[in-house]
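Enquirer:
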Amino acid sequence: MDMDVDEEEQAYLNGGSGRGSPPEDAFEEPPKPKDPEECKEEGNKCFKAKQYPQAIEYYTQAIELLPSEPNYWNNRAAAYISLKRFSSALSDSLQAASLQKSSPQAKTLIRLARCQLALGSPNTALSTLRQALSLEPTNSAALTAKKGAEKLDGYLKTCLDARERKDWGVARLALNQLISECEGGGAPEWRLWSVEMEIVKGKWEAAAQSASDALRINENSPDALALRALVLFLTNRLPQALQHAQSTLRLDPEHSKARLLIRRIKEVERLKEEGNSAFKSGRLATAVEKYGETLEVIGDNEEEGHGGIIRATLLSNRATALFKLDQYEKALLDSNAAIELHPNFFKAIRTRARIHQALENYESCVMDFKNALELTDVDESDRKNLKNELKKAEVLLKRSKSKDYYKILGLSKTCSEIEIKKAYRRESLIHHPDKGGDEEKFKLVVEAHAVLSDPQRRDRYDQGFDEDGQTESSGGGMGGGMGMSQADLAEIFASMHGGGRAGFGGGFGGGGFHEHPFGGRGGFSF
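For the sequence shown, full-length UniProt numbering gives the first residue as 1, with consecutive numbering after it.
Right, here's the structure in full:
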């Protein structure tokens, strides 16, 4: 005769914890009685004492002695449920229902539905509960279970519809409700959906954790293993990704997604290495081309988080090569895309700061250097270099808000003594008042020349110190020569009037020209 397990089901349906967790008593294998009813009674005693493993052992002995008795299967199913072993409970409940096929029992069907619901099949559970209610229309346990199954079925349909529409926010909410309210954690594929949704959002740590959880639940699942391989690929861990994809094929030689992923991994490894080799050997245009080919293989599908960290890495690499080719606008686009995919990507942020500096976007440059310094995974060597680069960027920012002597003369910051002299003469001829030029612009030209032609003043200016453009011997206004030498003025006026050099009296300050090397941006690794 079946033991009374109604209290267990009713406690669950009322939101309680059932009979609670089993005690941690040491399990001693019971003796094996020869009478199945005696085995069942011993099992019932253990069940009431919450000694569920021992109860299962006794019920198993009873089943072995008399496998045609459905009550033994039902009782063992109840013990399995108490241990949250719903797959085993489902198998036993199905066997009991099959043995009662000629005379179905509502109690058996309700327990079966509970297992189906716990394992993520609310629609199947509803079908089973409708059968139970056809036998006992007022059965309170069946009615309560039906409400719960309908609720979960609604969440499931919402999740499936949202996934179809790619409305990932709604899908995530519905899936969370499913998993949290499902007694047994739901169907194995729900865990895979969770991984997929984390991938879509670009939440790579969460995706990796969800993939590991899915594998712990079912370590022999080819789909879970293949999805873990995809997460590893998208997070730029190619050797591990390849190992997981190959393990998937050992479990399922026909797994198409794993086969395709293996081909992608190998192609990306090959092209990426070709790009890196070209970069290191200075063949920058080839590197840009190879990185572009790699990005095409990676893709930017939404379902794969738009390419993830591996795409961000290749975009950053290409941005570095483009930067060295002075293709700043293209480099900036790649850097922006890399940082959007991987917001805390140190190398991409550092590269973008340098690009902003080259484009004279000094405020953005300073901001990026500061953001890079705030990252926790920066080693001390990089941190020291960043601080130096930040200091220089802050000087450039300060200078950009005042007079830019290099820009006034139309020079680069790496200009030579000869270039300064030529620019000075050119701009003086253009802006000299006697030639119809603008007097204020002419003053700025003279001021810029006075600073940049003096090595000490130029060095101070390059370090961000304020300069008023006045030399020790210069006077105010147009008097005193405004820092020009007599020879320079003579040459300018000779050019203007087509004559020879004229003599000029009075002292003109300004000093001569001096070589002042000013280092370029230099190379950097990625």
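Beta carbons are placed, not taken as given, at the ideal position from N, Cα and C, and that holds for glycine.
What are the uninterrupted segments assigned as beta strand (DSSP E) that are 3 or more residues long and contained completely in the stretch 166-192, given in chain order?
Expert: With a minimum length of 3 residues, no continuous beta strand (DSSP E) run stays inside the stretch 166-192.
Enquirer: Helix, strand or coil for H356, going by three-state DSSP, please let me know.
Expert: helix
Enquirer: Please state whether DSSP places D462 in a helix, a strand or coil.
Expert: helix
Enquirer: Using only the alpha-carbon positions, how far apart do L117 and L242 sit?
Expert: 36 Å
Enquirer: Need the endpoints of the alpha helix (DSSP H) that V445 sits in, please.
Expert: E439 to L452
Enquirer: Please report the straight-line C-alpha distance between S412 and D454, rounded to a whole angstrom.
Expert: 16 Å
Enquirer: Going by DSSP in three states, N220 sits in which element: helix, strand or coil?
Expert: It is coil, neither helix nor strand.
Enquirer: Report the residue ranges of all alpha helix (DSSP H) runs contained in full by the stretch 405-432; include only those spanning at least 4 residues, in chain order.
Expert: 405-408 and 417-431
Enquirer: Name the residue from P343, N123, L315 and A450 whose alpha carbon lies nearest to the alpha carbon of G299.
Expert: L315
Enquirer: If you count every other CB in all the chains shown that lies within 10 Å of the CB of R250, and 16 or more means buried, which is it?
Expert: exposed
Enquirer: Find the nearest neighbour of S127 within the set D153, S102, W190 and S103, judged by alpha-carbon distance.
Expert: Of the listed residues, the one whose Cα sits closest to S127 is D153.
Enquirer: Roughly how many whole angstroms lie between the Cα atoms of D213 and H356?
Expert: 43 Å
Enquirer: Within the same chain, show all residues whose beta-carbon is closer than 6 Å to that of M496, passing over the 5 residues directly before and after it, in chain order.
Expert: Note that M496 has pLDDT 48, beneath the 50 cutoff, so the model's placement of it is unreliable and the number below is only indicative. Once the five neighbours on either side are set aside, the close Cβ partners of M496 are K435.
Enquirer: Can you give me the C-alpha to C-alpha distance between D35 and Q177, rounded to a whole angstrom?
Expert: 46 Å
Enquirer: Return the CA-CA distance between M197 and W168, expressed in angstroms with no decimal places.
Expert: 7 Å
Enquirer: Rounded to the nearest angstrom, what separates R264 and H342 at their Cα positions?
Expert: Rounded to whole angstroms, R264 to H342 spans 21 Å at the Cα level.
Enquirer: Under 8 Å by Cβ, that's how I've got A287 and A321 pegged, so tell me the actual separation to the nearest angstrom.
Expert: Beta-carbon to beta-carbon, A287 and A321 are separated by about 5 Å, close enough to satisfy the 8 Å threshold.
Enquirer: Would you mind reading off the limits of the alpha helix (DSSP H) that contains K280?
Expert: Counted as a single uninterrupted DSSP element, the alpha helix (DSSP H) harbouring K280 occupies residues S256 to K280.
Enquirer: Hey, which unbroken runs of the alpha helix (DSSP H) at 4 residues or more fall wholly within the stretch 110-149?
Expert: 122-135
Enquirer: On the CB-based measure, 16 or more other CB atoms within 10 Å of its CB, does D459 come out buried or exposed?
Expert: exposed
Enquirer: Whose C-alpha, out of N276, E303 and Q131, is nearest the C-alpha of S292?
Expert: According to the sequence shown, residue 292 is Gly rather than Ser. Ranking N276, E303 and Q131 by Cα distance to G292 puts N276 first.
Enquirer: For I217 and D368, what's the separation of their Cα atoms in angstroms?
Expert: 43 Å
Enquirer: Could you round the C-beta distance between N75 and K101 to whole angstroms and report it? I think they count as a contact, below 8 Å.
Expert: Not a contact, Cβ separation roughly 19 Å.
Enquirer: By the three-class DSSP mapping on this structure, what secondary structure does P253 have?
Expert: P253: coil per DSSP, three-state reduction.
Enquirer: Quick one: what does DSSP say E198 is sitting in, helix, strand or coil?
Expert: When secondary structure is reduced to three states using DSSP, E198 falls in the helix class.
Enquirer: Can you tell me whether Y59 is buried or exposed? The criterion is at least 16 other CB atoms within 10 Å of its CB, across all chains shown.
Expert: buried
Enquirer: Taking Cβ to Cβ, would you say V195 is nearer than 8 Å to L227?
Expert: yes
Enquirer: Tell me which same chain residues have a C-beta within less than 6 Å of the C-beta of L325, skipping the five on either side of it?
Expert: L284
Enquirer: Run through DSSP, which three-state label would H244 get?
Expert: helix
Enquirer: Using DSSP with H/G/I as helix, E/B as strand and the rest coil, what is E472?
Expert: The predicted model places E472 with a pLDDT of 36, which falls under 50 and marks its position as unreliable, so this point remains unresolved.
Enquirer: At what residues does the alpha helix (DSSP H) containing L373 begin and finish?
Expert: Y362 to E374
Enquirer: Taking Cβ to Cβ, would you say E360 is nearer than 8 Å to S400?
Expert: yes
Enquirer: Suppose the cutoff is 8 Å on Cβ atoms and the five residues either side in sequence are ignored; what does the same chain contact list for L119 look like?
Expert: F86, S87, L90, G184, G186 and A187
Enquirer: I need the straight-line Cα distance from P222 to I262, nearest angstrom please.
Expert: 14 Å
Enquirer: So, is F345 buried or exposed, given that buried needs 16 or more other C-beta atoms within 10 angstroms?
Expert: buried
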